[in-house]
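Q: Let me begin by handing over the structure; questions about it come next.
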Amino acid sequence: MKGSKGILLLSFSILIFITWASPAYVAEKSYKIGVNLEFTGPWAEVTKTMRNAMVLEVERINKIGGIDGHPLELLFEDNGFDLGRAASNMTKFTKDKEITAVVGPFEDNLQATTRAIAEREKITNIIICPSNPMLRSLKQKWAFNIAQSDIIVSQKLVDLSLARKYKKVLVFHGAWPLAQSLAEYYKRFGEEKGMKVIISKETHKPTDIDMTPQLIKLKPIIEKEKVDAFYACTGGPPGPIICKNLRTQGIKIPILGTHAFGFAFIIALGGEAMEGVEFAAGKPVVPDQLDENDPVRPVILDFDKRFRERYGVGIDQIAGHAHDTISLTYDALKRCQGKVTRATFRDALENTKGLKNCHGIYNYNPTDHDGLSKKDMVFIRIEGGKFKRIKFLGFE
Amino acid sequence: MDSWIYFPQLLSSGITMGAIYALVALGFVTISRASQIINFAQGEFVMLGGVITFFLLNGVNLPYPLAILIAIMIVILIGLMMHVSVIYPLRKAPILILIMATLGTSIFLSSTSGLLFGTLPRTLPSFSGDQSLHVWGVFVLPQGLWVLVSTFILLIFLYLLSHRTLLGKAMEASSTDPLGADLLGISRNLMVFLAFGVSAGVGAFAGILITPIFFTSYSSGTILGLKGFVAAVLGGWGKNSGAILGGFVLGIVESLSLVFIPSGYKDAVAFVILLLILYFRPKGILGSPFIDSRRW
Amino acid sequence: MSLLSIEEITKEYDGIRALDRISLKVEKGSIKGLIGPNGAGKSTLFHLISGVEKPDSGKIYFKGREITSMESHEISALGMGRTFQTLQIWGNMTVVENIMAGMNRRLKGGLFSCGLWLPWIRRSEKEALMEAKEILNSLGLLGKWESMASQLPYGKQKLLELGRALAMKPELLLLDEPASGLTLTEMQQLSEQISQIRQEGVTAFVVEHHMGMVMEIADEIAVLHHGKLIAEGTPEAVRRDPQVIEAYLKGKRANA
Amino acid sequence: MVDSKKNEFKKRDLFYLAPLWLLSLIAPDPYLYHKKEFKKRDLYYLGAICLAPLIWSDSHFHHLMVLAGIYAILALGLSLFMGYAGQISLGHAAFFGIGAYTTAILTTRYAFPTFLAFWASALSAAVIAYFIGRPILKLKGYFLALATLGFGEIFLVILRESTDLTGGVIGIFGIPWFSVMGFVFDTYLKQYYLTWGVLIGLFIFSKNLVRSKVGRTLLAVAASEDAASSVGINVPRIKLEIFVLGAAFAGLAGSLFACIMSTANPEAFSLGFTVFIVMMVILGGLGNLYGPVAGAILLTWLIDILSRYQEYSLPIYGVILILLLIFFPDGIGTRLNVRVIYLIGYWAKKKKRDEGKL
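Chains as they are written, first to last, in this note's numbering: chain A, 8 to 403; chain B, 159 to 454; chain C, -6 to 249; chain D, 64 to 421.
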């Protein structure tokens, strides 16, 4: 207990230490953006891509002289997929008065907290991943969404199913927020359009390494109900696992995927089993297959080129989101005409109109903080281990 | 009830799963035979086995068998290093500290592998074709058979190692009767050291076997490790045969339980079994050489 | 009636009879000794009395109540203190705390009354400290009352264990080989202690390997051999008993 | 990359640990079980706690200290169970979660006032702990650890699956701020005083326990159960009592956590979190009530510093855990104290030697 005096003493002194030795980000008069992502944990790979893309963009902007002389600067913090850390990173950023905006966490559950902090601390929070509608419906003043909302994605997928004349679809969704809400929206919109959508009682977790048991239980349903298609409503590794196990079970019905299937590693994992999987995704999945007259085509091609030069791989949707984030920020900052504060930045961002980006044309307004619309997605089919864009008359 | 339609299929997948748990459990048992340490990082060895093989196969472009061999070597090395750097310094520490140290190691290993080899899940080509065999209305992957066969080969190997060789006897002695072992001039630390090597090797082998069926990612080790431990306790703590039996029982029960409960609760099954077995029969199905009723 | 009475007790360990229909009585205020060669079953008998193990057949009465199937902490709560053959003091507490913990059953107060430090708790804690110091004083350990128990020399720790048993104001005191591992002087001190306890009217039941000591302190001695009670009576009688001599010689020969 | 320079491990960061060393060199042994009375210095601590947020008055500091306070409450309960009663629990995060979810459900679904929900959380956690503890606590060592760990995992699965009760993986949003009689704790400063107020209350409670009969009973059970039962201590009962108490503490902490984060979701109560908490207890030194508090503060700050190293943060964290365990298996204070005593002795001898030479 005498000892613990020492311990307490030293811990307090460490507080002092850290507070004065807090991160020294050296750069004069640069506009700072805080990035608060899951660099460790299940999303590590994705967030790495994101960082690469952001860095690439920021370098480009700084090369062309930044925002009338002020360079743009990124500060990265890892929130380790942990609620407390995500929140404390947020407050850490708000503490640094020079930071104008925070690019928010990837996971929905963490966003819930950071959005709340953003509202209270009056700092723009740019949400980079498709967060679930429950959050979006909060209509927070300081939170902006980059990615397509689940509503758009589901509607687009319903279009695809209609185009394919699927009458009955079985949904096997993952047990996490995004997948759950995707399934529910798909059911709602699908049944509005007169389809029959069965959401299975069985679910799976992102860490599941074997879906066979679940699929075995679904098999009778598939056979009894004469289901036209199987909607693997999931993201990341489970996607290919499901496809593999389905084929192993000798189930041959067509598979629908989410936009989360639009990544190279999915095909790498699934191999043969992925052939013929169809889904709707953002345009960066197929940079080379866009229409000539597509307004965002040049943006994507240019970004794809630079990305390849720098990192050796092509862009994907995540890289696209990252690119869009930066260019939105850049655009907004430019429209601040020099007097950049958190408030002016927010207003400028809110007035973004017709900005051409990788994922499409962004329009924000006070009532709508989801930039994109249904038109900004395309139908994709996996053929010969490649993403191939497919088109249908009447659906585009 | 109609849910029995898919009983045979569930059974077959349960058996495969069971074989894997058995393999992981064998790793635990190997260590426990040399010392009363429970290594919570055991699952990470499994993970590393798969991931490193993938890396050697696709990053360094080694032939498959060579890659497997080298990967096992590397993991064994990691296991030995773990003993030297973590377990040995703490050999006199209380149980709690050891548990935390192994948990810390598991955090370190998994996150480091995520850092070095990426956090994307990996898969390996199966030893003999991906075409699933259709036997009596049951689909079986050839790899599954591979897993079964090698499980039993490994069991025989370990059995011979621990019962027919001097080394095995020495290991067991150093665990069950430390004082006697000292008197016989058996170096306990050396035994634990070797045990860690062997268990790491077993783990890596298991990892390589299962990666073609299930994807191995940096984080898939922990849960496998825990379930493997449950299997070891279930079968009878410290018995190779117990580990195998426990593994299969666990795998099959877990798989068949899906007939009655939604699959989301699958992971809970293993731990419910753990609690039950700990409460009603701590020494497991086959009984355990280490656990007498009074201490545990 | 007698304080502790054991009737027809039998205990088997996988076939081997450790105790065979033993019947004993310990009268109030007396000191009873229990001797016998190695493996005679002395410790087993103690385990049965103190409730660590349960007999296969037979009954044990303490203060007229049957305690055969009671938990050991219930039995000791009835007023049966004991010391252990292998020293069992609490090294993570100070000497005085060891004694105070010994008083546990006499102090009142549960989780919340202690946590809220209610007035009567404060009072009883004070009193407990005073009493503990007195006990230490009588044991001659008062000088070290604030040092960790683990830092005492072995002999003192033995005394401390005895003190802890006394602290619970037992009516019966089970002493399991109190003299084992003590030097002669320490043994002297110990036997003085025990006889002093006896003045205070505590009944004691002593298992001892070391004949001499028991002979001088005990009023009555029982001799166990291979789980059977071969003799019972005053020290002199026992000393002269041919069976006992026989048994001990055997023991000696066996040892040699 | 642009900011690769900034992301690299800076030398200066090593010095963050320097004061820890320097100051712990004067830290005497925390193992003085018998010095359990309140001292004057406790007032100094109190002062420091009250003044700290006013000296460093930025939201980040407040927020971190709020978190540290919550973790400290949790660790305090755990250290009673692990440090004093000498048991092991790897399922404590579950009780934290039970507290959080009780508050979340009561406040969002049934519009309970947070103050009531606060106590309800403690109650529910305690009740569940009682039914879990009865069977489990007869186990010892590894198996006790394993059983508690298993309970934690089962709890997580239940959280994820029973969607209509706990909102499944999405969890529960929009939990109101903590408020007492209409006074709302809506800034981090207020929350700081709230959390640490609760912590101090519980701390005094635990300290009273430790210096009274109960404390001695716990230590007795930890040292030798046979001896304990030989003086009439009901060992299973006291174990259960302290386990339930620890769970209640955890429940309170969880309730605060839910109110301050305004959300409750399963990921927050996983095995990693348990490791985090247990490390706090070990780091501060088992069998020492000041330990968990110090440990909580240290680890919370450590994690916060580490976040800057992005994907390296987790490996570094793991290494630091292992090193701390190897070098300070019984708390920072103890080991360094031993070391410094040795040093002093060495200096003294050296003096003597020099004099001898002269």
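The beta carbon of each residue, even a glycine, is placed where N, CA and C say it ideally should be.
Given the structure is predicted, the values throughout are model-derived calculations rather than measurements.
May I have a chain-ordered list of the alpha helix (DSSP H) segments no shorter than 4 residues that lie completely inside the segment 194 to 226 of chain D?
A: Listed in chain order, the complete alpha helix (DSSP H) runs (minimum 4 residues) inside the segment 194 to 226 of chain D are 204 to 224.
Q: Could you check whether the Cβ of B/M258 sits closer than 8 Å to any Cβ belonging to chain D?
A: Closer than 8 Å to some Cβ of chain D, the Cβ of B/M258 qualifies, so yes.
Q: Spell out whether any CB of chain D is found under 8 Å from the CB atom of A/A182.
A: Yes, A/A182 counts as interfacial toward chain D.
Q: From D/I238, D/I217, D/W182 and D/W119, pick the residue whose C-alpha is nearest to that of D/T171; which is it?
A: Comparing Cα positions, the closest option is D/I238.
Q: Indicate whether at least one CB of chain B lies closer than 8 Å to the CB of A/F399.
A: Chain B contact via Cβ: absent.
Q: Write down every uninterrupted run of the alpha helix (DSSP H) in the segment 121 to 208 of chain A whose length is 4 residues or greater and which is fully enclosed by it, in chain order.
A: The qualifying runs are 140 to 143, 157 to 170 and 184 to 199.
Q: Assign A/M61 to buried or exposed, taking buried as 16 or more other Cβ atoms, counted over all protein chains shown, within 10 Å of its Cβ.
A: Burial call: buried.
Q: Does the beta-carbon of C/A276 have 16 or more other beta-carbons within 10 angstroms, so that it is buried, or is it exposed?
A: The question about residue 276 of chain C has no answer here: the residues shown for chain C are numbered -6 through 249.
Q: Is D/A208 close to chain B? Criterion is C-beta to C-beta, closer than 8 Å.
A: So yes, D/A208 belongs to the interface.
Q: Taking 8 Å as the threshold (C-beta atoms), are A/A94 and A/F352 in contact?
A: No, Cβ-Cβ distance for A/F352 and A/A94 is not below 8 Å.
Q: Count the CB pairs spanning the segment 251 to 261 of chain D and the segment 87 to 103 of chain C that are closer than 8 Å, and state whether there are at least three.
A: Result no; under three Cβ-Cβ pairs closer than 8 Å.
Q: Along chain A, in chain order, which residues have C-beta atoms closer than 7 Å to that of B/G276?
A: Going along chain A in sequence order, the residues near B/G276 (Cβ under 7 Å) are E52.
Q: Run the CB neighbour count on A/K224, radius 10 Å, all protein chains shown included, and call it buried at 16 or more, exposed below.
A: Result: buried.
Q: Per DSSP, which one or two residues make a beta bridge with C/E225?
A: Its beta-bridge partners are C/A215.
Q: So, do the segment 331 to 346 of chain D and the segment 159 to 176 of chain D have three or more beta carbon pairs nearer to each other than 8 Å?
A: Cβ pair count under 8 Å is three or more, so yes.
Q: Run down chain C in chain order and give the residues with a C-beta less than 7 Å from the C-beta of D/E304.
A: Going along chain C in sequence order, the residues near D/E304 (Cβ under 7 Å) are L104.
Q: Along the segment 234 to 256 of chain B, what residues have a CB closer than 7 Å to any CB found in chain D?
A: Listed in sequence order: V244, P247, L248, A251, I253, L254 and I255.
Q: Buried or exposed: A/W183, going by 16 or more other Cβ atoms within 10 Å of its Cβ?
A: Buried, by the Cβ-count rule.
Q: Establish whether the CB of A/G72 and some CB of chain D are separated by less than 8 Å.
A: So no, A/G72 is outside the interface.
Q: Report yes or no: is there a C-beta of chain C within less than 8 Å of the C-beta of D/L141?
A: Judged by the 8 Å Cβ criterion, D/L141 is not in contact with chain C.
Q: When we look at the beta-carbon of B/S286 and count the other beta-carbons within 10 Å, is it buried (16 or more) or exposed?
A: The residue in question, B/S286, is exposed, as its Cβ has fewer than 16 Cβ neighbours within 10 Å.
Q: Please compile the residues from chain A whose C-beta is within a distance smaller than 8 Å of the C-beta of D/S122.
A: Within chain A, the residues near D/S122 are T98, T101, K102 and E128.
Q: Under a three-way DSSP split, which group does C/I15 fall into?
A: Correct three-state label for C/I15: strand.
Q: With a CB to CB cut of under 6 Å and the five nearest residues on each side skipped, what residues in its chain are close to D/S122?
A: The residues are Y251.
Q: Which residue comes first and which comes last in the beta strand (DSSP E) that contains C/E5?
A: Residues L(-3) to Y6.
Q: How would you call C/T105, buried or exposed, if buried means at least 16 neighbouring beta carbons within 10 angstroms?
A: For the sequence presented, residue 105 of chain C should be read as Phe rather than Thr. Burial call: exposed.
Q: For a minimum of 3 consecutive residues, which ranges assigned as the beta strand (DSSP E) are wholly contained in the segment 35 to 73 of chain A?
A: 38 to 44, all fully within the segment 35 to 73 of chain A.
Q: So, helix, strand or coil for B/I195, using DSSP?
A: B/I195: coil per DSSP, three-state reduction.
Q: Taking the alpha carbon of A/M141 as the reference point, which residue from A/L189, A/K163, A/E128 and A/V176 has its own alpha carbon closest?
A: Closest option to A/M141, Cα to Cα, is A/L189.
Q: Sort out for me which residues DSSP pairs C/A197 with in a bridge.
A: C/I24 and C/L166.
Q: At a CB-CB cut-off below 9 Å, which residues of chain C make contact with D/N271?
A: Simply C107, G108, L109, W110 and I114.
Q: From which residue to which residue does the beta strand (DSSP E) around D/A331 run?
A: Careful: D/A331 lies outside any beta strand (DSSP E) and carries neither H nor E.
Q: Does the beta-carbon of B/A358 have 16 or more other beta-carbons within 10 angstroms, so that it is buried, or is it exposed?
A: B/A358 comes out buried.
Q: In whole angstroms, what is the alpha-carbon distance linking C/S(-2) and C/L71?
A: So the two alpha carbons sit approximately 15 Å from each other.
Q: Taking the alpha carbon of A/E400 as the point to measure from, which residue in A/T120, A/A170 and A/A51 has its own alpha carbon closest?
A: Position check: residue 400 of chain A holds Leu in this sequence, whereas Glu was assumed. Minimum Cα distance to A/L400 is reached at A/A170.
Q: By the three-class DSSP mapping on this structure, what secondary structure does D/L262 have?
A: If DSSP states are grouped into helix, strand and coil, D/L262 belongs with the helices.
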